[in-house]
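Numbering (the numbering used here), first residue to last: 20 to 139. Shown next, in structure tokens, is the structure this report addresses.
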């Protein structure tokens, strides 16, 4: 199941763990990424709070946690090769994985059709 936020993050649910990244739209808006900062494994995230940072030649942007939970894994390749986040944000450029503490928070997120409509 793939869900989207109005802050241009996506999450893919596998059991009670979600993989999180930025959307293609966000990557296009940012341009060439030069720096990625990820949360630490074991960190507790709060929905809506800054969880990561992506920086491009244009701007630095916070990546907000789409759900509450505990970080179970981070994509070290995104840190060493930030360009992967910009070129394949919904594939090899994922950012982190989080174990959901409240799966009902997924109900407030958009599916792909709703996200496309949101983009206009």
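C-beta: ideal position from N, C-alpha, C; glycine also. These numbers come from a predicted model, not from an experiment.
Exercise. Take every Cβ of the segment 94–103, pair it with every Cβ of the segment 118–137, and state whether three or more of those distances are shorter than 8 angstroms.
Key: no
Quiz prompt | Cβ shell of residue 173 (< 7 angstroms), same chain only, five flanking positions each side left out | solution = No answer is possible for residue 173: the residues shown for the chain start at 20 and end at 139.
Practice problem: Report yes if the CB atom of residue 39 is closer than 8 angstroms to the CB atom of residue 134, and no otherwise. | Solution: Counting from one through the chain shown, the residue named residue 39 turns up at place 20. Counting from one through the chain shown, the residue named residue 134 turns up at place 115. Not in contact: residue 39 and residue 134 (Cβ atoms no closer than 8 angstroms).
Practice problem: Keeping to the same chain, check which residues put their C-beta closer than 6 angstroms to that of residue 31; ignore five residues upstream and five downstream. | Solution: Within the chain shown, residue 31 is the residue found at index 12, counting from 1. For residue 31, where only same-chain residues beyond five positions count, the Cβ hits under 6 angstroms are 21, 38.
Self-check item: Per DSSP, cross-strand counterpart(s) of residue 20
Solution: Within the chain shown, numbered from 1, the residue matching residue 20 stands at position 1. For residue 20, which the question treats as bridged, DSSP gives no partner whatsoever.
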